Structure formats: C-alpha cells, structure tokens
Amino acid sequence: MTKCSEKKLLFLCPATIPLNSGAGRNAFTTCKIINRDKDFTADILTFRSHSGLLKEEVIDNVKITRCRLFGNTPILRRLSVFSLFPYLLKNACKYDVFFIYAFTPGLFTLVVLGRLLGKKVFYRPTMYGTDDVLSLVKRNRVLGVLRNFFLKKIDVQIAIQPLIHTAFVRLFPDRGKSVLLPQGVDTDFYSCTSNRIDLRRKMKLPEDKIIILSIGFLIKRKGYDYIFQALRQLKEKNIDFLYLIIGDYKVDSINKNMYEYLEQEMDELYEHASNNLHDKIKFLGRCQRNDVRDYLACADIFILQSKKEGLPNVLLEAMAMGLPSVVSDIPGLNGFLINDGINCFVTKSNDSCEIANQLQMLINSEDLRKKMGDTAQKNIVSNFNAKTYVAEIKRLASDFLDVEDFH
Numbered sequence: 403m404t405k406c407s408e409k410k411l412l413f414l415c416p417a418t419i420p421l422n423s424g425a426g427r428n429a430f431t432t433c434k435i436i437n438r439d440k441d442f443t444a445d446i447l448t449f450r451s452h453s454g455l456l457k458e459e460v461i462d463n464v465k466i467t468r469c470r471l472f473g474n475t476p477i478l479r480r481l482s483v484f485s486l487f488p489y490l491l492k493n494a495c496k497y498d499v500f501f502i503y504a505f506t507p508g509l510f511t512l513v514v515l516g517r518l519l520g521k522k523v524f525y526r527p528t529m530y531g532t533d534d535v536l537s538l539v540k541r542n543r544v545l546g547v548l549r550n551f552f553l554k555k556i557d558v559q560i561a562i563q564p565l566i567h568t569a570f571v572r573l574f575p576d577r578g579k580s581v582l583l584p585q586g587v588d589t590d591f592y593s594c595t596s597n598r599i600d601l602r603r604k605m606k607l608p609e610d611k612i613i614i615l616s617i618g619f620l621i622k623r624k625g626y627d628y629i630f631q632a633l634r635q636l637k638e639k640n641i642d643f644l645y646l647i648i649g650d651y652k653v654d655s656i657n658k659n660m661y662e663y664l665e666q667e668m669d670e671l672y673e674h675a676s677n678n679l680h681d682k683i684k685f686l687g688r689c690q691r692n693d694v695r696d697y698l699a700c701a702d703i704f705i706l707q708s709k710k711e712g713l714p715n716v717l718l719e720a721m722a723m724g725l726p727s728v729v730s731d732i733p734g735l736n737g738f739l740i741n742d743g744i745n746c747f748v749t750k751s752n753d754s755c756e757i758a759n760q761l762q763m764l765i766n767s768e769d770l771r772k773k774m775g776d777t778a779q780k781n782i783v784s785n786f787n788a789k790t791y792v793a794e795i796k797r798l799a800s801d802f803l804d805v806e807d808f809h
C-alpha cells in the first residue's frame with residue numbers, strides 16, 4: 403500500500419451541536435478527534451432546524467455545514483434531502499468517505515452518489531428496532547425492496563451494539579461488511595477532578611442531599627413517567643433527595659421543528675412531575691457541555707429508564723464519571739455495557755416499585771455507590787474510550803482507501 407495525502411471524511415447526521423442530538427454529539431466528538439491527526443480531515447453536513455443556527459461555522463476545528471430542514475412532518479423531512487444537493491454537487495468530489503450517522507434525509511442519496519463517484523460509504527445506525535438495516539427493510543413492504551437494494555451498496559456498517567450487528571448479518575450474511583464498534587467517551591473530558599462540595603456550591607446545589615440525575619428530553623420514550631412514580635414513592639417514605647433533569651422540557655423556538663409534535667406529551671410530563679415531586683425536582687433545561695460534566699460530578703446517582711435506545715452517550719458519560727446507575731433493560735446492552743449488580747442496577751421491567759427499591763439501596767449505601775461507580779468507570783476507560791473508537795474508524799477508512807497505516 404502506498405501512503406497517500408490527507409483523506410477527507412464527510413459525516414452526515416440529522417443534527418449536531420449545539421443541539422443535544424446523541425448521534426450528532428457523537429459525530430462531532432469523532433470529527434474533533436480525527437482532526438487532531440494531519441492525515442485525515444472530517445467535516446459535518448447536517449440540517450438547520452431553526453434560524454438561530456449558523457449555515458456554516460467551525461467549532462473546535464470541525465467545519466459544520468447546515469442545510470435547510472423543511473419541517474417536522476415525515477414528508478417534509480424526506481423532502482429536506484433536496485436542500486443537500488447544492489452542497490453535494492459543489493463539494494462531494496473532494497471527500498473520500500461518506501459516513502452516515504443515523505437514518506436521515508440524504509442516506510440513500512449519499513449511497514447512490516458514493517457509488518457514482520467511487521467513494522466509500524459507511525453507515526452507522528443509532529438504535530436497534532428503528533434504523534438498523536433489518537428494521538428499515540421490514541418496516542414498509544414497498545420501500546423495503548428499495549431500501550434493501552441501496553443498503554447492500556454500503557461498504558461497511560458500524561454497529562454500536564450487538565443487536566445492530568446481528569440485524570445486519572441476518573439481512574446480509576456477509577460478516578465482513580459489519581463491524582461491531584461501540585462509540586466511545588472522551589475520558590479526558592469526562593473525569594471528575596473537582597471537590598464535590600466546592601462544585602455543588604458553585605452550581606448552587608445543596609451540599610447535604612443525595613442528588614439523582616437524568617439527561618435527556620422530557621418525553622415518554624425516555625421512561626420519565628416511571629421515574630416520577632418511583633421518586634414519588636421515595637418522597638412518601640420521607641427519603642431526602644433532589645432530582646435534576648438536564649434536557650429540553652418544553653417546546654420553544656429552538657427545538658420547535660424537531661419536537662413540536664411532542665409538545666402535549668412534554669407538557670403533561672412536566673405538570674405531572676411538578677405536581678407530585680414539588681421541591682424534589684429541578685428542570686435544568688439544555689446545558690453547555692462543561693455544565694453537564696459539572697452536574698455529573700455533583701450527582702450521586704444516574705438514572706436512565708428509556709424504553710428504546712442504541713448505546714446512550716449519557717450513560718457512557720455518567721459511567722465515565724464514576725456514577726452508579728439505575729438503567730432500564732435496553733435491548734443489546736445487557737452483558738455488553740450494563741451488568742446488573744456489578745456496574746449498575748438493571749430494571750428488568752418498567753416497574754416503578756423496582757426502580758424505587760434500586761434507588762433506595764443506592765441512597766442507603768455510600769459504599770455500594772462507590773463500588774458500583776468505580777467498576778463502571780474502569781469498564782468505560784478500558785472498553786468504551788473515544789480515542790480507541792476513532793482510531794478504529796481511521797483504520798477502517800485507511801484499509802478501504804488502501805492507505806498505509808499512518809501511525
């Protein structure tokens with residue numbers, strides 16, 4: 403193999419920072435780390451969901467281009483692919499790899515364009531049962547035939563968890579085209595070095611309460627209804643705690659295009675929590691990345707009860723910070739990331755009583771919190787490190803482009 407000049411990767415994702423899209427945040431972190439190496443450059447192409455977002459900007463040495471999102475309905479979202487055309491017609495030839503994060507307008511356009519231009523196409527689904535290749539093909543009988551045809555043309559699937567990998571192998575029995583590669587955490591950034599008491603004072607949080615933390619939009623898919631019921635049980639037992647939620651909890655001008663259809667659901671959850679938990683709950687809204695890390699450092703327990711996820715960034719980050727967690731039994735993660743009673747408590751069903759009992763065990767035992775949190779942290783550092791993930795992405799791109807190892 404001959405060593406070539408700098409190789410360019412184009413990442414396509416539905417949204418990225420400053421919006422709190424999990425796939426978009428991960429794409430940004432990946433690009434940022436890639437761009438530290440002179441041999442590869444990574445840019446992001448995404449959608450502009452509101453006028454406050456710049457059409458083009460560079461953040462931490464990552465170039466982000468945002469094309470117009472026509473609206474939030476399925477039809478308008480599909481039509482948004484046409485807003486990508488001017489950028490792709492002008493710039494597609496300069497990229498060597500198209501890296502598609504999540505099922506998004508433009509997925510099949512980039513697959514076709516990649517084939518026509520001789521580019522490599524990587525696809526990274528984000529959630530089993532939603533945008534894995536098997537689910538995409540089976541969801542609609544007519545579209546499924548077309549999707550099957552196009553998805554066969556990708557060069558490699560990046561499977562962030564085992565069930566996504568298995569789905570690909572079932573549909574296309576060619577294991578060489580799917581790589582099990584979990585996304586990683588920037589463990590240099592997500593590490594706790596500050597004194598917790600000093601940090602709580604800085605963040606205006608009580609020094610003497612158990613703080614339970616969740617990160618994620620206030621929607622039912624995140625399991626907040628079960629969390630609120632469990633916390634009410636703790637409140638009725640006179641157990642002292644403060645529950646913090648980071649993430650959008652109402653529809654506003656910034657997230658309207660993305661979440662307008664969920665407005666009633668968000669309002670109902672907010673009202674339910676406020677009426678039942680009163681001063682035991684605090685909605686923090688969207689926060690800057692540094693503040694998210696500081697709130698994680700202030701917390702005692704992390705809770706995630708999503709009914710469906712892929713490989714949640716927020717759980718990886720909480721574990722990297724050494725937090726014990728109470729986690730729903732997310733398909734594909736048991737034995738892969740989460741191990742009940744070892745690095746977290748796994749809620750076997752959406753049962754508020756079980757959630758309350760698991761929380762109470764952690765609240766009552768500082769030793770258990772520390773033991774579980776330390777185990778979680780070691781696992782993340784060893785097996786879910788962003789640098790390892792990015793190194794493997796570059797290795798795959800290098801192999802596909804016949805570039806000699808650049809390390």
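At the far end of the sequence shown sits residue 809, using my numbering, and the numbering has no gaps.
A virtual CB, placed ideally from N, CA and C, is assigned to each residue, including glycine.
Please read these numbers as outputs of a predicted model, since none were measured by experiment.
Cβ neighbours of Ala561 in the same chain (closer than 6 angstroms, five flanking residues each side left out)
The residue you call residue 561 lines up with position 159 of the sequence shown. Counting only Cβ-Cβ distances below 6 angstroms, and skipping sequence neighbours, we find His567, Ser580, Leu582.
Relative to the alpha-carbon of Ser800, which residue among Asp498, Leu481, Arg450 has its alpha-carbon at the smallest distance?
Indexing the sequence shown from 1 puts residue 800 at position 398. Measuring from the Cα of Ser800, the nearest candidate turns out to be Asp498.
Where Val464 and Lys410 are concerned, what is the direct C-alpha to C-alpha distance, given to the nearest angstrom?
For this step, residue 464 is matched to residue 62 along the sequence shown. For this step, residue 410 is matched to residue 8 along the sequence shown. Going by the C-alpha atoms only, they are around 12 angstroms apart.
Determine the direct distance from the alpha carbon of Val514 to that of Asp610, and round the result to whole angstroms.
For the purposes of this step, residue 610 is taken as residue 208 along the sequence shown, with counting starting at 1. For the purposes of this step, residue 514 is taken as residue 112 along the sequence shown, with counting starting at 1. Approximately 58 angstroms between the Cα atoms of the pair.
In chain order, what residues of the same chain lie with their CB nearer than 8 angstroms to the CB of Gln760, ignoring the 5 residues before and after it?
Here residue 760 refers to the residue found at position 358 when the sequence shown is read from its first residue. By the criterion of a C-beta distance shorter than 8 angstroms, Gln760 is surrounded in its chain by Val728, Phe747, Thr749, once the five residues flanking it on both sides are discounted.
DSSP three-state label for Gly426, please.
The residue you call residue 426 lines up with position 24 of the sequence shown. In the structure shown, Gly426 falls within a helical segment according to DSSP collapsed to helix, strand and coil.
Residue nearest to Glu670 in terms of C-alpha spacing, selected from Ile621, Ala632, Arg603, Leu633
Walking along the sequence shown from the start, residue 670 turns up at place 268. The option with the nearest alpha carbon to Glu670 is Ile621.
Counting C-beta neighbours from all protein chains within 10 Å, is the total for Asn597 16 or more, i.e. buried, or is it exposed?
Counting from one through the sequence shown, the residue named residue 597 turns up at place 195. When all chains shown are included, Asn597 counts as exposed.
For a minimum of 3 consecutive residues, which ranges assigned as the beta strand (DSSP E) are wholly contained in the segment 594-620?
Taken in chain order, the complete beta strand (DSSP E) segments of 3 or more residues contained in the segment 594-620 are 612-617.
Among residues of its own chain, excluding the 5 on either side of Glu665, which ones have a beta-carbon nearer than 7 angstroms to its beta-carbon?
In the sequence shown, the residue the question calls residue 665 occupies position 263. Closer than 7 angstroms at the Cβ level, and outside the excluded window around Glu665, lie Val653.
Reference Arg427; option with closest CA among Ile641, Asp462, Leu633, Ala758:
In the sequence shown, the residue the question calls residue 427 occupies position 25. For Arg427, the nearest C-alpha among the options comes from Asp462.
Hey, would you say the C-beta of Arg623 is under 7 angstroms away from at least one heavy atom of the ligand FMN?
With respect to small molecules bound, the structure shown includes none, and the ligand FMN cannot be examined in it.
Work out the CA separation of Asp600 and Lys385 for me, nearest whole Å.
Outside the shown range of the chain (403 to 809) lies residue 385, about which nothing can therefore be said.
Decide if Lys457 is buried, meaning its Cβ has at least 16 other Cβ atoms within 10 Å, or exposed.
By one-based count along the sequence shown, residue 457 stands at place 55. Answer is exposed; the Cβ neighbour count stays below 16.
Please say whether Gly649 and Asn474 have beta carbons closer to each other than 8 angstroms?
Start at 1 with the first residue of the sequence shown, and residue 474 comes out as number 72. Start at 1 with the first residue of the sequence shown, and residue 649 comes out as number 247. Contact flag unset, no.
Once DSSP output is grouped into helix, strand and coil, what is the label at Ala701?
On the sequence shown, residue 701 is found 299 positions in, with the first residue counted as 1. If DSSP states are grouped into helix, strand and coil, Ala701 belongs with coil.
Mind checking who Ser727 pairs with in its DSSP beta bridge?
Counting from one through the sequence shown, the residue named residue 727 turns up at place 325. Ser727 is bridged to Phe704.
8 angstroms contact criterion, which Asn752 and Tyr628 should meet: CB distance rounded:
Locating residue 752 in the sequence shown gives position 350, counting from the first residue. Locating residue 628 in the sequence shown gives position 226, counting from the first residue. Indeed, because the Cβ distance is near 5 angstroms, the residues count as touching under 8 angstroms.
Between the Cα of Leu718 and those of Ala632, Leu739, Phe449, Arg691, spot the shortest distance and give me the residue it belongs to.
One-based indexing of the sequence shown puts residue 718 at position 316. That would be Leu739, whose Cα lies nearest to the Cα of Leu718.
Residue closest to Met529, alpha-carbon to alpha-carbon, out of Gly734, Thr418, Pro476:
Here residue 529 corresponds to residue number 127 of the sequence shown, with the count starting at 1. Nearest option by C-alpha distance: Gly734.
Would you call the segment 529-546 in contact with the segment 675-694, where contact means no fewer than 3 C-beta pairs closer than 8 angstroms?
no
Pairs of beta-carbons, one from the segment 696-712 and one from the segment 779-786, closer than 8 angstroms: are there three or more?
no
Every unbroken beta strand (DSSP E) inside the segment 411-480 [3 residues or more]
442-450, 458-461, 464-470
Identify every run of the alpha helix (DSSP H) within the segment 532-563, keeping only runs that are complete inside it and at least 4 residues long; order them along the chain.
Complete alpha helix (DSSP H) runs here, min 4: 535-541, 543-553.
Counting pairs of beta carbons, one from the segment 516-526 and one from the segment 486-493, are three or more of them closer than 8 angstroms?
no
Excluding the 5 residues flanking Ile419 on each side, which residues of the same chain have their C-beta closer than 7 angstroms to its C-beta?
As a first step, residue 419 must be located in the sequence shown, where it is residue number 17. Excluding sequence neighbours, Ile419 sits near Gly426, Arg427, Phe430, Ile461.
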